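One structure is given here, and the rest of the page talks about it.
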C-alpha cells in the first residue's frame with residue numbers, strides 16, 4: 196500500500212509538471228497580452244515598453260524557468276491585475292467553490308442514489324419513466340439558462356431570494372443570509388449532477404441486479420432489503436464512485452458557468468477572468484490548483500474502489 | 015482670458031443668452047475656464063426634494079477594480095472606483111450641452127502666451143485620507159510617475175506633452191510642455207488622479223503592494239474593503255474639501271455578466287449599471303428604474319487598414335462610406351439613441367464641431383458606381399474583381415460580447431456583400447481583437463474612441479504617431495494637426511479644427527458611424543447624479559443622495 200502511494204505520488208508530480216508546461220505555453224502563445232496591454236489607448240512604444248517592464252520580452256523558456264523557480268521557492272507570483280499574491284487568491288477562492296460544489300454534490304448524491312435505485316428496481320414502471328425523464332431533462336438543460344431562469348423567477352419576479360453573490364454586502368455575517376444566497380446556485384448545480392448520477396446509478400443497479408450473486412442471495416433466503424443494499428448496491432456503486440471521482444476536479448474547474456451567472460467568487464470565475472485578461476500568474480496558479488485536485492480526486496477514487504470492492508487490492 | 019471672463023460675468027449677472035450662443039462661448043472657453051465650478055455650482059441641477067443624508071449606493075462594475083490610478087490594467091473598472099477615492103486637478107461638467115472643464119484640486123490655472131507653461135494653483139487645506147496635507151509635491155510626483163518609462167502608466171499618452179513638472183511653492187505647480195499645447199488643462203482632467211507622494215515614494219510603482227491594500231486619496235470617499243470577485247466598498251470622507259458626502263458609502267459590486275447586472279438592478283440589488291440598447295426592452299415599464307441617455311465624447315467607426323493597396327484609391331473608401339446607412343443604424347440598432355457621425359470630433363465639443371463636412375448620404379448606387387470607376391467589377395460569381403483578377407476580400411473584425419457592434423458589423427457585411435465584396439466576419443475575443451488590430455491583421459475593424467473633451471486628434475491621425483493603428487498617412491493633415499494644437503488664439507484654433515474635420519471627411523481615414531450616448535439604468539431612489547457619462551458623473555458622488 197505504501198509503495199503504491201509513493202509510486203502514485205511520483206507519477207502525480209511528473210503529471211503536474213507536464214500540466215504547467217502545457218498551460219504556460221498555451222496561455223503565453225494565446226493572442227493578446229495581459230490586461231495592462233489590452234488598452235486601445237496605448238501607443239506602439241508603450242506596448243513595447245510595458246512588455247519589457249513585465250519581463251515578457253524574454254524567450255519563453257526563460258520566462259518559464261523564472262516562474263518555476265519562484266514556485267519551487269513557494270512564490271507563485273502576484274496577479275498582474277490586482278497585485279494580490281496568487282497563492283492568497285487561490286486560497287480564498289477554493290473554499291468558496293468547494294463549499295458550493297460540496298453542498299451541490301452532496302445534495303445531488305443524497306437524492307440521486309435513492310432515485311437511481313428506485314428507478315432500477317421498478318424498471319419500466321411509471322416511476323422509472325418519471326425519474327429517467329426528469330434526469331434527461333436535467334442533463335439537457337444548459338446550466339447558464341437554468342441559472343438565469345432561476346434568477347428571473349426567484350430574484351426578479353418573486354423577490355424571495357438574492358440574484359447573486361455569496362452574502363449581503365455590507366451586512367454583518369448571518370447564517371440565514373449565507374443560506375439564502377446558497378439556494379439558487381446550489382440548485383442549479385445540483386440539477387445537472389443529480390441527473391447524471393441518477394442515470395449512472397440506475398444502469399449500474401440494473402446490471403448488478405441481473406448478476407448471479409444476487410440471484411444466489413435471494414435463493415439463500417436473504418431479505419429483499421439486504422440483497423438490494425448489501426449485495427447489489429455495493430457493487431453498483433463502483434461506476435458511480437468513478438463518476439463522483441471525476442466530479443472532484445470538475446467541482447473546482449467546471450463550475451465556472453454557475454459561478455459567473457450567480458456572481459459567486461470561486462475558482463471557476465477566477466480561472467475565466469484571469470484567462471480573459473491574460474493574467475498569466477493567476478492562470479498558472481489556478482490551473483495548478485485544479486490539476487492537484489484532479490490528481491487527488493483520481494487517487495481517492497482508486498482508494499475508494501478498494502473499500503467498496505475487496506477484490507481490488509492496491510499494491 | 016477674455017472669453018472666460020465674459021462667460022463668468024454672464025452667469026454671475028444671470029444674463030439670458032441663446033443656447034447656441036452659450037455653447038459657442040463655452041466651447042471657445044473650452045480648455046481653460048478657471049473659477050467657474052463654484053459659480054455654476056458643483057452640484058448638478060438640484061432635485062425638487064430636499065437631499066437626505068445616509069444610505070449606501072450600489073453600482074455594478076464588470077470586473078475586479080483596483081484603487082490605484084497609475085498602473086494596473088488602468089481599465090474602466092479601475093477608473094470608476096478611482097473617481098470616488100482620488101481627485102484630479104480639474105474635472106468635467108456638462109453646461110448647456112457642452113462639456114466644461116471646472117476646478118477640482120486646482121483652484122485656478124493660467125498659461126503663458128505661447129502655451130508652453132501652464133501654472134496651476136492648488137486648493138488650500140485639502141487633506142489626504144490619512145490626514146497629511148496635499149501639496150504641489152504630490153502633483154509633481156504623480157506626473158513624474160505617469161511619465162516614467164519604467165512605470166506601466168496606461169494613461170501616460172494623455173499627458174505626454176509635459177516635458178517637466180516644477181514645484182513653484184507648496185500650492186503652485188508649473189507644467190512645461192514640449193510644444194505649445196492648448197489642451198493641457200482638459201487632459202489633466204482625464205483620469206490623471208493625483209496620488210500621495212508620502213505613501214508611494216518608497217514603493218514599486220508597478221506593484222505598490224501595501225498601497226493597494228490601503229489606498230489613500232483626497233476624494234469624497236475613503237477605501238473601506240475589497241473582496242475579490244465580490245465587491246469594493248468605500249465610505250464617506252467627512253473631511254472632503256467639498257463638504258461631507260450625502261451618502262454613507264458606495265458599494266461597487268463585481269458582476270461580470272450583462273444579463274446578471276440587469277437582473278440585479280431589477281431585483282433591487284444594485285442602484286446603477288450602464289446597459290446596451292438591446293437591453294432597453296427588458297426595462298420598459300419596470301417601475302422603480304429610470305433609464306437615462308448621458309452625453310459622452312465618443313465616436314464609433316470601421317477602421318480601414320491603410321497598409322493594404324486595395325484601400326489606397328479614395329473612390330473605394332468613398333464607396334465603403336456611401337454603402338452604410340448611418341441613420342438606419344441609429345434608428346434600428348441603437349433604437350434611436352445617438353446620431354450619425356461625420357468625423358472624429360463629437361458635437362459635444364460645441365464650437366469645435368464642424369457639421370458642414372461631406373456627409374456621404376447613403377446611396378448604394380453611388381457606392382457601386384465609384385467601385386466601377388476604381389476598376390472593381392463584379393465577376394461571374396458576383397464578387398468584385400480588378401483588372402489583375404484579384405477578388406476584393408473584406409475581413410471585418412470586431413470584439414465578441416458587444417451585441418451592438420456585432421449587429422452593426424453584420425449589417426455592414428450585408429451591405430458590402432450586396433456591392434460584391436467578399437465580406438466575412440471575424441468576431442473574436444477582446445484580447446485577440448486588439449492583437450489583430452495592433453498587427454494590422456484586418457481589412458475593416460470596428461472600434462470606438464471615448465476621448466477627452468478636446469479636439470486634438472494628433473495621437474490617432476498623425477502619420478507617425480504611435481497610436482495611429484490604421485497605418486493612415488496624410489502630410490497635409492499632419493501639419494494642420496500640429497498647427498491647430500499649438501495655436502494660442504481660440505478663434506483661430508476653432509477655425510483650424512474645422513479645417514481638420516473638413517480634410518478628414520474628404521480623405522476618409524475611417525468609416526465614421528455614430529455618436530451614441532451612454533445608456534444609464536438606475537434605481538429611482540438615486541438622486542443628484544449629474545447627467546454625463548458615468549466616468550465623469552462619478553467625480554460628483556459627494557452630491558448624490560438616496561430618495
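Residue numbers (my numbering), protein chains in the order written: chain A, 196 to 510; chain B, 15 to 561.
All C-beta atoms, glycine included, are put in the ideal place defined by N, C-alpha and C.
From a predicted model like this one, the values you see are computed outputs, not experimental measurements.
Sheet register partners of residue 105 (chain B) (DSSP bridge): For the purposes of this step, residue 105 (chain B) is taken as the residue at position 91 of the second chain. Per DSSP, B:116.
Buried or exposed (CB count within 10 angstroms, at least 16 for buried), residue 205 (chain B): On the second chain, position 191 is the one that residue 205 (chain B) refers to. Residue 205 (chain B) comes out buried.
Contact set for residue 502 (chain B): own chain, Cβ-Cβ below 6 angstroms, skip 5 residues either direction: Start at 1 with the first residue of the second chain, and residue 502 (chain B) comes out as number 488. Closer than 6 angstroms at Cβ, skipping near neighbours: 129.
Selection from A:240, A:400, A:361 and A:442 that minimises the alpha carbon distance to residue 243 (chain B): If you number the second chain from 1, residue 243 (chain B) lands on position 229. Of the listed residues, the one whose Cα sits closest to residue 243 (chain B) is A:361.
Proximal residues, the segment 254 to 276 of chain A versus chain B, C-beta separation under 7 angstroms: 273 and 276
Reduced DSSP secondary structure (H/G/I, E/B, other) of residue 412 (chain B): On the second chain, residue 412 (chain B) is found 398 positions in, with the first residue counted as 1. In the structure shown, residue 412 (chain B) sits in a strand (DSSP, three-state: E or B).
Bridge partners - residue 125 (chain B), DSSP secondary structure assignment: Taking the second chain and counting its residues from 1, one reaches residue 125 (chain B) at position 111. DSSP output for residue 125 (chain B) lists B:132 as bridge partner(s).
Residue 236 (chain B): first and last residue of the uninterrupted alpha helix (DSSP H) it sits in: To locate residue 236 (chain B), count along the second chain from 1; it is residue 222. Here residue 236 (chain B) belongs to no alpha helix (DSSP H); instead the beta strand (DSSP E) covers 235 to 241.
First through last residue of the beta strand (DSSP E) which encompasses residue 532 (chain B): Mapped onto the second chain, residue 532 (chain B) falls at position 518. Residues 532 to 537.
Environment of residue 507 (chain B) [buried if 16+ CB atoms lie within 10 Å]: Numbered from its first residue, the second chain carries residue 507 (chain B) at position 493. With 16 or more other Cβ atoms within 10 Å, it is buried.
Buried versus exposed call for residue 220 (chain A) [16 or more other C-beta atoms within 10 Å across all chains shown]: Indexing the first chain from 1 puts residue 220 (chain A) at position 25. It counts as exposed.
Chain A contact residues for residue 280 (chain B), given Cβ-Cβ distances below 7 angstroms: Taking the first residue of the second chain as 1, we reach residue 280 (chain B) at position 266. What residue 280 (chain B) touches in chain A: 351.
Cβ-based burial, residue 344 (chain A) [other Cβ within 10 Å; buried from 16]: As a working note, residue 344 (chain A) is residue 149 in the first chain. Exposed: under 16 other Cβ atoms inside 10 Å.
DSSP beta-bridge partners of residue 77 (chain B): In the second chain, the residue the question calls residue 77 (chain B) occupies position 63. Looking at the DSSP assignment, residue 77 (chain B) forms no beta bridge with any residue, so it has no partner.
Nearest-angstrom Cα separation, counted from residue 480 (chain A) out to residue 278 (chain A): Locating residue 278 (chain A) in the first chain gives position 83, where the first residue counts as 1. Locating residue 480 (chain A) in the first chain gives position 285, where the first residue counts as 1. Whole-angstrom Cα-Cα distance: 14 angstroms.
Short CB-CB distance (under 8 angstroms) between residue 163 (chain B) and chain A: As a first step, residue 163 (chain B) must be located in the second chain, where it is residue number 149. Interface residue (Cβ-Cβ distance to chain A less than 8 angstroms): residue 163 (chain B) is classified as such.
Exposure of residue 425 (chain A), with buried meaning 16 or more beta-carbon neighbours within 10 Å: Here residue 425 (chain A) corresponds to residue number 230 of the first chain, with the count starting at 1. The residue in question, residue 425 (chain A), is exposed, as its Cβ has fewer than 16 Cβ neighbours within 10 Å.
Chain B within 8 angstroms of residue 245 (chain A), Cβ atoms only: As a working mapping, residue 245 (chain A) is identified with position 50 in the first chain. Taking Cβ atoms only, chain B reaches closer than 8 angstroms to residue 245 (chain A), which makes this a yes.
Beta-carbon neighbours of residue 271 (chain B), restricted to chain A and to distances below 8 angstroms: For this step, residue 271 (chain B) is matched to residue 257 along the second chain. Under the 8 angstroms cutoff, chain A gives 455, 456 and 458.
Which of helix, strand or coil DSSP assigns to residue 54 (chain B): Residue numbering aside, residue 54 (chain B) sits at position 40 when the second chain is read from its first letter. Residue confidence for residue 54 (chain B) is low, a pLDDT of 36 falling below 50, so the modelled location carries little weight and cannot support an answer.
Residues of its chain near residue 176 (chain B), where Cβ-Cβ distance is below 8 angstroms and the 5 sequence neighbours each way are ignored: Position 162 of the second chain, counted from the first residue, corresponds to residue 176 (chain B). Excluding residues within five positions, the ones whose Cβ falls inside 8 angstroms are 157, 161, 189, 190, 191, 192 and 198.
Which residues DSSP lists as bridging residue 280 (chain A), in chain order: Counting from 1 along the first chain, the entry for residue 280 (chain A) is found at position 85. DSSP, once it has assigned bridges, lists A:273 as partnering residue 280 (chain A).
Top-ranked residue by Cα proximity to residue 302 (chain A), from A:331, A:217, A:390 and A:256: Taking the first residue of the first chain as 1, we reach residue 302 (chain A) at position 107. It is A:390 whose Cα lies nearest to the Cα of residue 302 (chain A).
Cβ neighbours of residue 303 (chain B) in the same chain (closer than 8 angstroms, five flanking residues each side left out): Indexing the second chain from 1 puts residue 303 (chain B) at position 289. Answer for residue 303 (chain B): 279, 280, 297, 535, 536, 537 and 538, listed in chain order.
Under 8 angstroms by beta carbon: chain B residues contacting residue 238 (chain A): Position 43 of the first chain, counting from 1, holds the residue named residue 238 (chain A). The answer, in chain order, is 171, 473, 479, 480 and 481.
Exposure of residue 323 (chain B), with buried meaning 16 or more beta-carbon neighbours within 10 Å: On the second chain, position 309 is the one that residue 323 (chain B) refers to. By the neighbour-count rule (16 or more Cβ atoms within 10 Å), residue 323 (chain B) is not buried but exposed.
Proximal residues of chain B, C-beta to C-beta of residue 222 (chain A) below 9 angstroms: Numbered from 1 along the first chain, position 27 holds the residue referred to as residue 222 (chain A). Under the 9 angstroms cutoff, chain B gives no residues; its nearest Cβ is about 11 angstroms from residue 222 (chain A).
Assumed close pair residue 418 (chain B), residue 347 (chain B) - CB separation to whole angstroms, cut-off 8 angstroms: Position 404 of the second chain, counted from the start, is the residue given in the question as residue 418 (chain B). Position 333 of the second chain, counted from the start, is the residue given in the question as residue 347 (chain B). Going by Cβ atoms, the distance from residue 418 (chain B) to residue 347 (chain B) rounds to 6 angstroms, so yes, they are a contact pair.
Among B:239, B:300, B:151 and B:256, nearest to residue 264 (chain B) - alpha-carbon criterion: Taking the second chain and counting its residues from 1, the one referred to as residue 264 (chain B) is at position 250. Nearest C-alpha to residue 264 (chain B): B:239.
Simplified DSSP state of residue 536 (chain A), which is helix, strand or coil: There is simply no residue 536 (chain A) to check, as chain A begins at 196 and stops at 510 in what is shown.
Chain A contacts made by the segment 302 to 313 of chain B, where a contact means CB separation under 7 angstroms: none
C-alpha distance - residue 358 (chain B) paired with residue 364 (chain B), whole-angstrom precision: Looking up residue 358 (chain B) in the second chain gives position 344. Looking up residue 364 (chain B) in the second chain gives position 350. Spanning the two alpha carbons is a distance of roughly 13 angstroms.
Chain-order list of residues whose beta-carbon lies under 6 angstroms from that of residue 553 (chain B) (same chain, five-residue window excluded): Taking the second chain and counting its residues from 1, one reaches residue 553 (chain B) at position 539. The answer, listed in chain order, is 97 and 105.
Close beta carbons around residue 503 (chain A), own chain, < 7 angstroms, minus the five adjacent residues each side: Here residue 503 (chain A) is taken as the residue at index 308 of the first chain, counted from 1. Closer than 7 angstroms at the Cβ level, and outside the excluded window around residue 503 (chain A), lie 429, 432, 433 and 436.
Span of the alpha helix (DSSP H), counted from its first residue to its last, around residue 455 (chain A): Residue 455 (chain A) sits at position 260 when you count from the first residue of the first chain. Its alpha helix (DSSP H) spans residues 451 to 456.
Where residue 394 (chain B) sits in the DSSP three-state scheme: Along the second chain, one-based indexing puts residue 394 (chain B) at 380. If DSSP states are grouped into helix, strand and coil, residue 394 (chain B) belongs with coil.
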